[in-house]
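Just so you know, we're using numbering that gives the first Met the number 0 here: the sequence shown kicks off at 0 and counts up by one. Ideal placement from N, C-alpha and C gives every residue a C-beta, glycine not left out. Below: one structure, written as C-alpha cells.
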Amino acid sequence: MNPVPAADTQDTPGTPDTFAGLYGRPAEGEWAAPGRVNLIGEHTDYNLGYVLPIAIPQTVRAQAARRDDGLLRLWSAQGRGPVTELRLADLAPGAVPGWSAYPAGVVWALREAGHRIGGADIRLDSDVPGGAGLSSSAALECVVATAYDDLYGLGLSGTELALLAQRAENAFVGVPCGIMDQMASMCCRPGAALFLDSRDVTMRQVPVDLAAAGLALLVLDTRVKHDLGDGAYAALRAGCERAAALLGLPALRSLDPAGLAGALSELPPELGPLVRHVVTENARVEAAVAHLDAGDPAAIGPILTAGHASLRDDYRVSCPETDLAVEAAVAAGAHGARMTGGGFGGSVIALVDAAGAEHVAAAVTAAFRAAGYREPRTLTAVPADGARRLA
Ligand code: GLA
Numbered sequence: 000m001n002p003v004p005a006a007d008t009q010d011t012p013g014t015p016d017t018f019a020g021l022y023g024r025p026a027e028g029e030w031a032a033p034g035r036v037n038l039i040g041e042h043t044d045y046n047l048g049y050v051l052p053i054a055i056p057q058t059v060r061a062q063a064a065r066r067d068d069g070l071l072r073l074w075s076a077q078g079r080g081p082v083t084e085l086r087l088a089d090l091a092p093g094a095v096p097g098w099s100a101y102p103a104g105v106v107w108a109l110r111e112a113g114h115r116i117g118g119a120d121i122r123l124d125s126d127v128p129g130g131a132g133l134s135s136s137a138a139l140e141c142v143v144a145t146a147y148d149d150l151y152g153l154g155l156s157g158t159e160l161a162l163l164a165q166r167a168e169n170a171f172v173g174v175p176c177g178i179m180d181q182m183a184s185m186c187c188r189p190g191a192a193l194f195l196d197s198r199d200v201t202m203r204q205v206p207v208d209l210a211a212a213g214l215a216l217l218v219l220d221t222r223v224k225h226d227l228g229d230g231a232y233a234a235l236r237a238g239c240e241r242a243a244a245l246l247g248l249p250a251l252r253s254l255d256p257a258g259l260a261g262a263l264s265e266l267p268p269e270l271g272p273l274v275r276h277v278v279t280e281n282a283r284v285e286a287a288v289a290h291l292d293a294g295d296p297a298a299i300g301p302i303l304t305a306g307h308a309s310l311r312d313d314y315r316v317s318c319p320e321t322d323l324a325v326e327a328a329v330a331a332g333a334h335g336a337r338m339t340g341g342g343f344g345g346s347v348i349a350l351v352d353a354a355g356a357e358h359v360a361a362a363v364t365a366a367f368r369a370a371g372y373r374e375p376r377t378l379t380a381v382p383a384d385g386a387r388r389l390a
C-alpha cells in the first residue's frame with residue numbers, strides 16, 4: 000500500500016525541477032490530492048461499515064498535459080529516476096512495477112470503464128510521508144484521476160473517481176483495499192470529517208472545529224512498517240468474509256450488535272474477535288459522530304482509545320510501537336489516542352488540548368527513546384480539503 004519510488008525505465012529527464020524542463024512544453028494544469036487520517040472506523044470499510052476520516056493538509060501534486068500518441072509518461076520528484084514511458088494499449092494488471100503502477104492503474108481503470116481518454120505527460124511531487132499509514136498511495140491515485148477527469152472533460156463525481164482509483168489499486172496494483180482512503184482523498188472538505196457508509200458509498204460532512212474547542216489532533220508517525228502488513232491485511236479481510244458467510248450475512252456490517260453474543264457462539268474461535276471488532280467499531284463511529292454533531296469533539300477521546308484496544312486485542316493489527324505511542328500519549332494527558340490506517344506500524348493520532356500538544360509529543364518521543372525506538376515524526380492535522388485543481 001506504499002508506493003516505493005522505483006527507477007523503472009526510458010529517457011533521462013532534462014531539468015526535472017519544472018514540467019517544461021522535464022517534458023519541453025508547458026503543463027495544461029496542476030492538481031492536488033491529500034493524504035488522510037482516519038478518526039475512527041478501522042477495518043470496517045471492506046465489511047461495508049462506517050468510517051470517519053479527515054484529509055490532511057499534505058498532498059500529492061500533479062502537473063499534467065494531454066498527449067495524442069497513446070503514451071503515458073510519468074516522473075516523480077520522490078523517485079527522481081528517469082521518466083517512465085508506458086503505452087496505454089499495453090497497460091495490464093501486474094505489468095507495471097513500482098510506484099508507476101498506481102497512476103498507470105488509474106488510467107487503465109478509466110479505459111476499462113469505457114472512458115475515451117488519451118495519453119498524458121505527468122510530473123508528480125508529494126509531501127505526504129510515504130509508509131506512514133497516511134494514504135500516500137490513494138493520494139497518488141486520486142490526483143491522477145482528478146487530473147484526467149479535468150483534462151479529458153469526463154465530468155465524473157468524486158465518488159466515481161474514488162471507485163475507479165480503488166479498482167486501480169485492487170485489480171491493477173493487486174492490493175485488496177477498501178474504499179475509505181480514496182473517498183477521503185477525493186471527497187473530504189476543510190473543517191469536516193467524512194462520515195462514509197461503505198455499503199452504498201454515501202457520505203455526510205461532519206463539522207469538526209478542534210481549534211474552537213481548544214483541541215489539536217497530533218499525528219505521531221512511528222516510522223515503522225512491519226513487513227507482515229500486506230499479507231495480513233488480505234488474510235484479515237478473508238477472515239471477515241468467511242465469518243459473514245458462516246453467519247449467512249452479505250457482510251459483517253449487517254450483524255446487529257444485539258446479535259453479537261449469539262454470533263460469537265456459532266463461529267470458530269479464530270473468527271470471533273474479528274467479528275467483535277467490526278461490530279463494536281461501527282458502533283464507535285456512530286458514537287463519535289453523535290459527539291461531533293453535538294459540538295463536543297473532546298468527548299470522542301475515550302472512543303479513540305477504546306478503538307485502539309479493540310485493534311490491539313481483537314483485530315491484532317497494532318504493534319509495540321503504536322501501542323507505546325497510544326499509552327504514552329494518554330498518560331501525558333491526551334483525551335484519547337489510537338493507531339490510524341491498516342496497522343502493523345504507521346501513525347498514531349492523539350486528541351490533545353492545544354496547550355498541551357507539545358508536552359504530549361515530547362512524552363511520546365521520550366518513551367520511544369527509552370524503548371530504543373526511532374524518534375517518531377510529529378505532525379498536527381487539521382481537517383483539510385479533498386482533491387482539487389490548483390492551477
Ligand atoms: C487501509 C486500506 C483501507 C482500510 C484501512 C483500515 O488503509 O486501504 O481501505 O481498510 O486500511 O481501516
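Q) Which residue's Cα is closest to the Cα of R236: A192, Y372, N169 and A76? A) Counting from 1 along the sequence shown, the entry for residue 236 is found at position 237. Comparing Cα positions, the closest option is N169.
Q: Determine the DSSP secondary structure at Y232, reduced to helix, strand or coil.
A: Along the sequence shown, one-based indexing puts residue 232 at 233. Y232 falls in the helix class under three-state DSSP.
Q: Using alpha carbons as the reference points, say which of L273, I299, A293 and V347 lies closest to Y314.
A: Along the sequence shown, read from residue 1 onward, the residue named residue 314 stands at position 315. Among L273, I299, A293 and V347, the Cα nearest to that of Y314 belongs to L273.
Q) Is the beta carbon of L389 sitting closer than 8 Å to the one on R110? A) The residue you call residue 389 lines up with position 390 of the sequence shown. The residue you call residue 110 lines up with position 111 of the sequence shown. For L389 and R110, no; Cβs fall outside 8 Å.
Q.
I need the DSSP call for G28, collapsed to helix, strand or coil.
A. Here the question's residue 28 lines up with position 29 in the sequence shown. Of the three classes helix, strand and coil, the one that applies to G28 here is strand, per DSSP.
Q.
Considering Cα atoms alone, identify which of A54, L153 and P175 is closest to P33.
A. Within the sequence shown, the letter at position 34 stands for residue 33. Per the Cα distances, A54.
**Q.** Length of the line joining the Cα atoms of G300 and A333
**A.** Position 301 of the sequence shown, counted from the start, is the residue given in the question as residue 300. Position 334 of the sequence shown, counted from the start, is the residue given in the question as residue 333. Spanning the two alpha carbons is a distance of roughly 8 Å.
Q) Hey, T145 and L160: beta-carbon distance below 8 Å or not? A) Taking the sequence shown and counting its residues from 1, the one referred to as residue 145 is at position 146. Taking the sequence shown and counting its residues from 1, the one referred to as residue 160 is at position 161. Taking C-beta atoms as the reference points, T145 and L160 count as a pair closer than 8 Å.
Q: Measure from the alpha carbon of V82 to the alpha carbon of each residue in L90, A76, A167 and R72, then state which is nearest.
A: Residue numbering aside, residue 82 sits at position 83 when the sequence shown is read from its first letter. The residue with the shortest Cα to Cα distance from V82 is R72.
**Q.** For A327 and V288, believed in contact at Cβ under 8 Å, the rounded distance
**A.** The residue labelled residue 288 in the question sits at position 289 within the sequence shown. The residue labelled residue 327 in the question sits at position 328 within the sequence shown. Contact annotation, V288 with A327: C-beta distance approximately 28 Å; criterion of less than 8 Å not satisfied.
Q: Give the DSSP-derived three-state secondary structure of A61 in the structure shown.
A: Indexing the sequence shown from 1 puts residue 61 at position 62. Reduced to three states, the DSSP call for A61 is strand.
Q | Whole-angstrom C-beta distance between G306 and G132, which should lie under 8 Å | A | In the sequence shown, the residue the question calls residue 132 occupies position 133. In the sequence shown, the residue the question calls residue 306 occupies position 307. The beta-carbon separation of G132 and G306, rounded to 15 Å, does not stay under the 8 Å limit for a contact.
Q | the segment 280-298 touching the segment 79-99, judged by at least three CB pairs closer than 8 Å | A | At 8 Å Cβ cutoff, the stretches do not touch.
**Q.** For P206, the first and last residue of its enclosing beta strand (DSSP E)
**A.** Counting from 1 along the sequence shown, the entry for residue 206 is found at position 207. The continuous beta strand (DSSP E) containing P206 extends over residues T201 to P206.
Q) Would DSSP call E41 helix, strand or coil? A) The residue labelled residue 41 in the question sits at position 42 within the sequence shown. Of the three classes helix, strand and coil, the one that applies to E41 here is coil, per DSSP.
Q) In chain order, which continuous runs of the beta strand (DSSP E) of length 3 or greater are located wholly inside the segment 87-147? A) Unbroken beta strand (DSSP E) stretches of 3 residues or longer found wholly inside the segment 87-147: 118-125, given in chain order.
Q. Which partner residues does A308 have in the DSSP bridge list?
A. Against the sequence shown, residue 308 aligns to sequence position 309. Bridge partners of A308: none, in fact.
Q) Can you check whether the CB of G69 is closer than 8 Å to the CB of L87? A) Counted from its first residue, the sequence shown places residue 87 at position 88. Counted from its first residue, the sequence shown places residue 69 at position 70. Between L87 and G69, the gap from beta carbon to beta carbon is short of 8 Å.
Q) Is the segment 135-151 touching the segment 88-107 in the sense that three or more CB pairs, one from each, lie closer than 8 Å? A) Short answer: they touch.
Q. If you count every other CB in all the chains shown that lies within 10 Å of the CB of A386, and 16 or more means buried, which is it?
A. In the sequence shown, residue 386 corresponds to position 387, counting from 1. So A386 counts as buried.
Q) Do the CB positions of R203 and R252 come within less than 8 Å of each other? A) The count along the sequence shown starts at 1 and reaches residue 203 at position 204. The count along the sequence shown starts at 1 and reaches residue 252 at position 253. The Cβ-Cβ distance between R203 and R252 does not fall below 8 Å.
Q: Would you mind stating whether T377 and L217 have Cβ atoms separated by less than 8 Å?
A: If you number the sequence shown from 1, residue 377 lands on position 378. If you number the sequence shown from 1, residue 217 lands on position 218. Result yes, Cβ atoms of T377 and L217 sit closer than 8 Å.
Q) For the segment 254-334, which segments carrying the alpha helix (DSSP H) assignment without a break, of at least 4 residues, lie completely within its bounds, in sequence order? A) Correct list: 259-265, 271-292, 300-309 and 319-330.
Q | Residue burial classification, H358 (beta-carbon count within 10 angstroms, cutoff 16) | A | Within the sequence shown, the letter at position 359 stands for residue 358. H358 is exposed by the Cβ-count criterion.
(Q) I want to check one thing, is the minimum distance from the CB of N281 to the heavy atoms of the ligand GLA below 7 Å? (A) Indexing the sequence shown from 1 puts residue 281 at position 282. Using a cutoff of 7 Å, the CB of N281 does not count as near the ligand GLA, since none of the ligand's heavy atoms is closer than that.
Q. Among P96, V325 and P189, which one has its Cα closest to the Cα of G173?
A. Locating residue 173 in the sequence shown gives position 174, counting from the first residue. Closest by alpha carbon: P96.
Q. Just the Cα atoms here: how many angstroms apart are C239 and A63?
A. Mapped onto the sequence shown, residue 239 falls at position 240. Mapped onto the sequence shown, residue 63 falls at position 64. Approximately 40 Å between the Cα atoms of the pair.
Q | For the ligand GLA, residues whose Cβ lies under 5 Å from any non-hydrogen atom | A | Result (chain order): E41, H42, D44, C176, G177, M179, D180, G340 and G341.
Q) Looking at the unbroken alpha helix (DSSP H) that takes in T364, where does it start and where does it end? A) For the purposes of this step, residue 364 is taken as the residue at position 365 of the sequence shown. Start and end: A356 to A370.
Q | Secondary structure of F194, DSSP reduced to three states | A | Your numbering for residue 194 matches position 195 in the sequence shown. DSSP places F194 in strand when its eight states are reduced to three.
Q.
Could you compute how far the alpha carbon of G152 sits from the alpha carbon of A26?
A. Translated into the one-based positions of the sequence shown, residue 152 becomes position 153. Translated into the one-based positions of the sequence shown, residue 26 becomes position 27. One C-alpha to the other measures close to 16 Å.
**Q.** Y22 - DSSP class collapsed to helix/strand/coil
**A.** By 1-based counting over the sequence shown, the position of residue 22 is 23. Correct three-state label for Y22: helix.
Q) Within the 8 Å Cβ cut-off, does A336 reach chain B? A) Although the question refers to chain B, the structure presented lacks it and comprises just one protein chain.
Q) Roughly how far, in whole angstroms, is the beta-carbon of L219 from the beta-carbon of A297, given that I think they are within contact range, below 8 Å? A) Position 220 of the sequence shown, counted from the start, is the residue given in the question as residue 219. Position 298 of the sequence shown, counted from the start, is the residue given in the question as residue 297. Not quite, the Cβ-Cβ distance comes to about 19 Å (not below 8 Å), so this is no contact.
Q. Are there 16 or more other CB atoms within 10 angstroms of the CB of A164, so buried, or fewer, so exposed?
A. Locating residue 164 in the sequence shown gives position 165, where the first residue counts as 1. With 16 or more other Cβ atoms within 10 Å, it is buried.
**Q.** Residue burial classification, P256 (beta-carbon count within 10 angstroms, cutoff 16)
**A.** Within the sequence shown, the letter at position 257 stands for residue 256. With fewer than 16 Cβ atoms within 10 Å of its Cβ, P256 is classed as exposed.
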